[in-house]
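Q: When the count follows our numbering, it moves up by one through the sequence shown with no breaks and lands on 394 for the last residue. For glycine and all other residues, C-beta sits at the position ideal for the given N, C-alpha and C.
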Amino acid sequence: MTERLRRAGQVSWSVIGVVVLLALVALVVWTVRVILPLLILAGTIVFLLNPVVTRLQRHHIPRAAGAGITYLAVVGVVVLAGLLVVPLAGAQARDLSRQWPEIQANAERWVDARAEESKGKFWEFDRKELGEALSNNQLSVRQQLDRAFRLGVAIFNVLLILVLAPIIAFYLLVDLPHVRRVSESLVPAGVKDEVMHVAHRLNRAVGGFFRGQLMIAAIVGVLCSVGLAAIGLKFWFLVGMIAGFFNIIPLIGPWVGGLPGVAIALTTGSPLQALGVLVIMVGVQQIDNHFITPQVMHRVVQLHPAAVVLALVAGGHLGGFLGLLFAVPLAAVLKIILGHL
């Protein structure tokens, strides 16, 4: 019993040391936070692709060659998906661009109708007054140029990140065994095996979370697209893709992704169709929240479905947006560390 407590204490202090080291690294990263998006994207790529590269290495393929093969495979999948998806998405985008004046006119008529209905009530509005209020707040030419310049800089930074992140991730994938050896050398010899076992489980849990989120987003996007196509919503594929993308943000994202569908239904269809869009979005989210996400996360991060739901609720309450985003991986990390003590 005493020996077990002693070893548990050693493991605990080692884990605390690793946490402190990670905190110091986080402090340094925050100090140079301009590169934080680049590091996050590169780290995400490493988490997603490292299992494939490691599996190829076990088949006696050098890591550099394995990383190159994996990158080529990802590019091939993206190109194939583009060949299947881009024609439909492009056609709907062109239709949306062509019908935009009509959609805008329908939106103005809808606003006018709501303004007419609001007359004599507690709160009323007029589209002309709304337009004048907006025009009075128009930016000056100098402000518009300044905003355009900032937008251009932001676009350049995003493109730079999209180019540099895969390059950095490639070198990290190749040198990951060396990074692991250096990390192991910092751990006391007496508890090295246990600490590295815990670190391996943490790596699997966090990497599994990212891969699970992408899988869930794809499933939700497909379900939304099929449902919206069934009720005849225009641009159903684009709306489904948007809903799937925003589903990466737990709880809040799905509702943000559903707004375009409701707006399109109101301006190109009918209030009944808008209600149908809302029903589909709510239905898909109920399926996702109570079945898809808990089951997928249970498989990839070894958390009970109820624990996933509780983690999301607690994370949203305590940490807001960031709490929602990192609630599940943090819960998995806590479970692994506490369960090993």
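Taking the CB atoms as reference points, tell me whether Ala222 and Val99 lie closer together than 8 Å.
A: Closer than 8 Å, so yes.
Q: Between the Cα of Leu356 and those of Leu371, Asp341, Val386, spot the shortest distance and give me the residue it belongs to.
A: Nearest of Leu371, Asp341, Val386 to Leu356, Cα basis: Val386.
Q: Verify whether the separation of the beta carbon atoms of Ala380 and Leu365 is less than 8 Å.
A: Contact: yes.
Q: Does the beta-carbon of Leu187 have 16 or more other beta-carbons within 10 angstroms, so that it is buried, or is it exposed?
A: A caution first: Leu187 carries a pLDDT of 49, below 50, which makes its placement in the model unreliable, though a value can still be read off. Per the 10 Å Cβ criterion, exposed.
Q: Would a C-beta distance cut-off of 8 Å place Ile214 and Leu91 closer than the cut-off?
A: A contact, by the Cβ cut-off of 8 Å.
Q: Quick check on DSSP: helix, strand or coil for Leu331?
A: Helix, per DSSP.
Q: Are there 16 or more other CB atoms within 10 angstroms of the CB of Gln339, so buried, or fewer, so exposed?
A: Per the 10 Å Cβ criterion, exposed.
Q: Compare the beta carbon distance of Ile345 and Ile272 with 8 Å and say whether it is the shorter of the two.
A: Taking 8 Å as the Cβ cut-off, Ile345 and Ile272 qualify as a contacting pair.
Q: Among the candidates Gly369, Gly119, Ile389, Val361, whose CA atom is the shortest distance from the CA of Asp16?
A: Outside the shown range of the chain (54 to 394) lies residue 16, about which nothing can therefore be said.
Q: Between the beta-carbon of Gly293 and the beta-carbon of Ser278, is there less than 8 Å?
A: Closer than 8 Å, so yes.
Q: Going by C-alpha to C-alpha distance, which of Ala283, Leu378, Gly368 sits closest to Ile53?
A: Residue 53 cannot be examined here, being either before or after the span of the chain that is shown, 54 to 394.
Q: Between which two residues does the alpha helix (DSSP H) harbouring His351 extend?
A: Element bounds for His351: 346-354.
Q: Inspect the beta-carbon positions of Leu291 and Gln152 and report whether they are closer than 8 Å.
A: No, Cβ-Cβ distance for Leu291 and Gln152 is not below 8 Å.
Q: What residue range is occupied by the uninterrupted alpha helix (DSSP H) comprising Leu420?
A: Nothing about residue 420 can be read from this structure; the chain reaches only from 54 to 394.
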